[in-house]
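Trainee: Here it is, the structure, as structure tokens.
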Amino acid sequence: MLEFYYAFYRGEFEKKIKELSLEINRILELEGVSIVATDQQVIEEEHRSLLKQDTYRQINNLFYTIRAQNLSDHFLLKKYLPEFRQHPPGSSFLFADFFAGAGGLSQGLIQAGFTPAFVNDSEIDAVETYYFNHSLPLDYFFAGDIRDLIKNPSLFLPYVKNIRVVTGGPPCQGFSMANRQRLKDDPRNELYKDFLIVLGHIRPDFFIMENVPGMKNKVLEIEKDIQEYTDTDYQFTELRLNAKDFGIPQNRQRYFLIGNKVGFGSLRLELNIKMQASGFPRYVLKDALHGLPAVKVNPHKLKLSYESDENGFMIRKQETSANSFISEINSGKASGYIFNHKSRYNQPRDVEIFSKLKEGADSLDPAIASLMPYQSRNTVFKDKYFRLDREKVCKTITAHMRHDCNSYIHPIQARGLTPREAARIQTFPDDYFFRGSPNDWYQQIGNAVPVKLAEILACEIKRFYE
Numbered sequence: 004m005l006e007f008y009y010a011f012y013r014g015e016f017e018k019k020i021k022e023l024s025l026e027i028n029r030i031l032e033l034e035g036v037s038i039v040a041t042d043q044q045v046i047e048e049e050h051r052s053l054l055k056q057d058t059y060r061q062i063n064n065l066f067y068t069i070r071a072q073n074l075s076d077h078f079l080l081k082k083y084l085p086e087f088r089q090h091p092p093g094s095s096f097l098f099a100d101f102f103a104g105a106g107g108l109s110q111g112l113i114q115a116g117f118t119p120a121f122v123n124d125s126e127i128d129a130v131e132t133y134y135f136n137h138s139l140p141l142d143y144f145f146a147g148d149i150r151d152l153i154k155n156p157s158l159f160l161p162y163v164k165n166i167r168v169v170t171g172g173p174p175c176q177g178f179s180m181a182n183r184q185r186l187k188d189d190p191r192n193e194l195y196k197d198f199l200i201v202l203g204h205i206r207p208d209f210f211i212m213e214n215v216p217g218m219k220n221k222v223l224e225i226e227k228d229i230q231e232y233t234d235t236d237y238q239f240t241e242l243r244l245n246a247k248d249f250g251i252p253q254n255r256q257r258y259f260l261i262g263n264k265v266g267f268g269s270l271r272l273e274l275n276i277k278m279q280a281s282g283f284p285r286y287v288l289k290d291a292l293h294g295l296p297a298v299k300v301n302p303h304k305l306k307l308s309y310e311s312d313e314n315g316f317m318i319r320k321q322e323t324s325a326n327s328f329i330s331e332i333n334s335g336k337a338s339g340y341i342f343n344h345k346s347r348y349n350q351p352r353d354v355e356i357f358s359k360l361k362e363g364a365d366s367l368d369p370a371i372a373s374l375m376p377y378q379s380r381n382t383v384f385k386d387k388y389f390r391l392d393r394e395k396v397c398k399t400i401t402a403h404m405r406h407d408c409n410s411y412i413h414p415i416q417a418r419g420l421t422p423r424e425a426a427r428i429q430t431f432p433d434d435y436f437f438r439g440s441p442n443d444w445y446q447q448i449g450n451a452v453p454v455k456l457a458e459i460l461a462c463e464i465k466r467f468y469e
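4 is the number of the first residue of the sequence shown in this note's numbering; add one for each residue after it.
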């Protein structure tokens, strides 16, 4: 991870490595490993040159200890070492992901047997999460605006020569039927247009374009734009899918446009995917929350990083029981660790509201009438508070959770959902470790495509090649 911070946090390198040292030190403590001091320099000189002596010695001793104690294959500790990401992607099923975020869509493709060859996103904390959780070398990432790639295609073209699939969910403000301006001509939709330019450069066998259901309003125009920019005769498959129909405990509707130039019939692809819906278990919220330790709200308003047995930890070593849903999202594996399972601060009035609301109740519930702010405008704030029902699917996980989780109240504990609970609802594996601040974790998770839904789409695409 030193190489990542050296590339993107050069001005904050000292601060980042201090934080990283604390993180690695905690893992070694959890593993019962004592730190071995050494005079041998094991980190790169370019990294050492930016560090104060004490910080250098600390991180150098930690890296030396990992290797000296034969922990280089530890599922977690190895991800901090540069050798974890030394090898270029080697696969006949390569893909590139633009607007990749923390990697929900990518993780689904990986679980289906594809390998990332190029990754782009402009949010550096999301790129860090993607980078940490995968073995793709740093050269294959572009952490920046896609418009910079358009200006200089040589930044990505060498990495995408043999890819099969391009994925992306470009933000687009013009999906309303009332907007009669062409999408590609609307200045608000420059990122959509840039994604089309990328497709035109690569012309992959398949592409997956993902967005909100309103995308369907403009699908004929989008298809025409794609043909224009790629000069390729793609066949299109339109899919409006709800995650709850595919074994995901969340009411989340998304629209996918899949294009292919290899003769895979669009109706066949659509039917193959939609026919699967009847075969999935109908998981509900309690299935996703299963086995996680109970936590309370963070008692410290101004200490976002505060951790304790009471409010949870960023990194915790603890075996958890698994039901069929947990086994499924973890592919039957158990790491013995829990990541990102810690709560945020809430003011006492909110905690009292959380405790009095029954499952499925919202801001209009009489039980909290005396506690509600702006009582004369209750109807406006109907969704300000909502207690989830463990026997039903969860409402849509969104990036708004970075601000508060008042409309995602845990069904039996007086707090909002933790990032790990939200990640499970989004079907991320438990060993997927989100980076950045706790607020960043929520945003990354809320912006992601459910991993399992992406895997289902990718499996159908891969079936074409088998």
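C-beta: ideal position from N, C-alpha, C; glycine also.
None of these values were measured; they are calculated from a predicted model.
Do three or more CB pairs link the segment 113–128 to the segment 149–166 at distances below 8 angstroms?
Mentor: Yes: at least three Cβ pairs fall under 8 angstroms.
Trainee: Just to confirm, is the Cβ distance from E458 to A115 under 7 angstroms?
Mentor: Their beta carbons are under 7 angstroms apart, which means E458 touches A115 by this criterion.
Trainee: Do you know whose CA, among R423, P119, C462, lies nearest H293's CA?
Mentor: The residue with the shortest Cα to Cα distance from H293 is R423.
Trainee: Flag this pair as yes or no: are the beta carbons of L194 and D228 separated by less than 7 angstroms?
Mentor: For L194 and D228, no; Cβs fall outside 7 angstroms.
Trainee: Near A181, which residues of its chain fall below 8 angstroms by C-beta distance, leaving aside the five closest residues on each side in sequence?
Mentor: A caution first: A181 carries a pLDDT of 47, below 50, which makes its placement in the model too unreliable to give a value.
Trainee: From E34, Y9, A40, Y388, pick the residue whose C-alpha is nearest to that of I318; which is it?
Mentor: Among E34, Y9, A40, Y388, the Cα nearest to that of I318 belongs to E34.
Trainee: In the DSSP assignment, the beta strand (DSSP E) including L260 goes from what residue to what residue?
Mentor: It spans 256–263 - the beta strand (DSSP E) in which L260 sits, taken as one unbroken run.
Trainee: Going straight from the alpha carbon of E2 to that of V354, what length do you get?
Mentor: In the structure as shown, the chain starts at 4 and stops at 469, and residue 2 therefore has no counterpart that could be examined.
Trainee: Taking A417 and F357 to be in contact with their CB atoms under 8 angstroms, please state how far apart those CB atoms are, rounded to whole angstroms.
Mentor: About 4 angstroms; that satisfies the 8 angstroms criterion.
Trainee: Using CA coordinates, which residue listed in L108, G104, I113 is at the minimum distance from P92?
Mentor: It is I113 whose Cα lies nearest to the Cα of P92.
Trainee: Assuming Y258 and N192 make a contact with CB atoms under 8 angstroms, what is their CB distance in whole Å?
Mentor: Not really, about 16 angstroms apart at Cβ, beyond 8 angstroms.
Trainee: Is the CB-CB distance between N64 and I38 below 7 angstroms?
Mentor: Cβ distance < 7 angstroms, so N64 and I38 count as in contact.
Trainee: Considering only DSSP beta bridges, list what N214 is partnered with.
Mentor: According to DSSP, N214 bridges with Y258.
Trainee: As a quick exercise: from K82, V201, P252, L242, pick the residue whose alpha carbon is nearest that of D230.
Mentor: Checking the sequence shown, residue 230 turns out to be Gln, not Asp. Per the Cα distances, V201.
Trainee: With C-beta atoms as the reference, is K277 less than 7 angstroms away from T235?
Mentor: In this structure, T235 does not lie closer than 7 angstroms to K277 by Cβ.
Trainee: What does the alpha-carbon distance come out to for the pair H413 and L270?
Mentor: Their Cα atoms are separated by approximately 41 angstroms.
Trainee: Starting from the C-beta of N165, find all residues in its chain whose C-beta is less than 7 angstroms away, skip the five residues before and the five after it, and write them out in chain order.
Mentor: If we look at N165 and ignore the five residues flanking it on each side, its Cβ neighbours are L97.
Trainee: By alpha-carbon positions, which one of K299, L288, D312 ends up nearest to I329?
Mentor: The residue with the shortest Cα to Cα distance from I329 is L288.
Trainee: Whose C-alpha, out of N155, G217, Q279, S311, is nearest the C-alpha of L260?
Mentor: Minimum Cα distance to L260 is reached at G217.
Trainee: What three-state label does DSSP hand A40 in the structure shown?
Mentor: Correct three-state label for A40: coil.
Trainee: Return the CA-CA distance between E322 and S338, expressed in angstroms with no decimal places.
Mentor: Computed Cα separation, rounded: 8 angstroms.
Trainee: Checking 7 angstroms against the spacing of the C-beta atoms, do T233 and G203 come in under that value?
Mentor: Yes; because the gap between Cβ atoms is below 7 angstroms, this pair is in contact.
Trainee: Less than 7 angstroms between the C-beta atoms of V454 and T430, yes or no?
Mentor: Going by C-beta atoms, V454 is nearer than 7 angstroms to T430.
Trainee: Taking a contact to mean a Cβ-Cβ separation below 7 angstroms, would you say A402 touches G449 in this structure?
Mentor: Yes. Within cutoff.
Trainee: State the Cα-Cα distance for the pair Q89 and E47, rounded to the nearest angstrom.
Mentor: Q89 and E47: Cα-Cα distance of roughly 15 angstroms.
Trainee: Quick check: A120 and A105, are their CB atoms within less than 7 angstroms of each other?
Mentor: No; because the gap between Cβ atoms is not below 7 angstroms, this pair is not in contact.
Trainee: Give me, in chain order, the residues of the same chain whose beta-carbon lies closer than 7 angstroms to that of E6; leave out the 5 immediate sequence neighbours on both sides.
Mentor: If we look at E6 and ignore the five residues flanking it on each side, its Cβ neighbours are P85, L141.
Trainee: Return the chain-ordered ranges of every alpha helix (DSSP H) run that is complete within the segment 59–134 and spans a minimum of 4 residues.
Mentor: Whole alpha helix (DSSP H) segments, 4+ residues: 107–114.
Trainee: Drop a sphere of 10 angstroms on the beta-carbon of I415, count the other beta-carbons inside from all chains shown, and report buried for 16 or more, exposed for fewer.
Mentor: With fewer than 16 other Cβ atoms within 10 Å, it is exposed.
Trainee: If you check the beta carbons only, do G315 and V298 fall under 7 angstroms apart?
Mentor: Contact flag set, yes.
Trainee: Give, in chain order, every unbroken run of the alpha helix (DSSP H) that is at least 4 residues long and sits entirely within the segment 283–360.
Mentor: Here the runs fully enclosed are 288–292, 327–332, 351–359.
Trainee: What residue from L74, L80, E310, R243 has the CA that sits closest to K219's CA?
Mentor: Nearest option by C-alpha distance: R243.
Trainee: Cβ of Y527 within 7 angstroms of Cβ of G262?
Mentor: Limits of the chain in this structure are 4 at one end and 469 at the other, which puts residue 527 out of reach.
Trainee: Do Y435 and N409 come within 7 angstroms of each other at the CB atom, strictly closer than that value?
Mentor: Taking 7 angstroms as the Cβ cut-off, N409 and Y435 do not qualify as a contacting pair.
Trainee: Taking T58 and E17 to be in contact with their CB atoms under 8 angstroms, please state how far apart those CB atoms are, rounded to whole angstroms.
Mentor: With 8 angstroms as the limit, T58 and E17 qualify as a contact, their Cβ atoms being about 6 angstroms apart.
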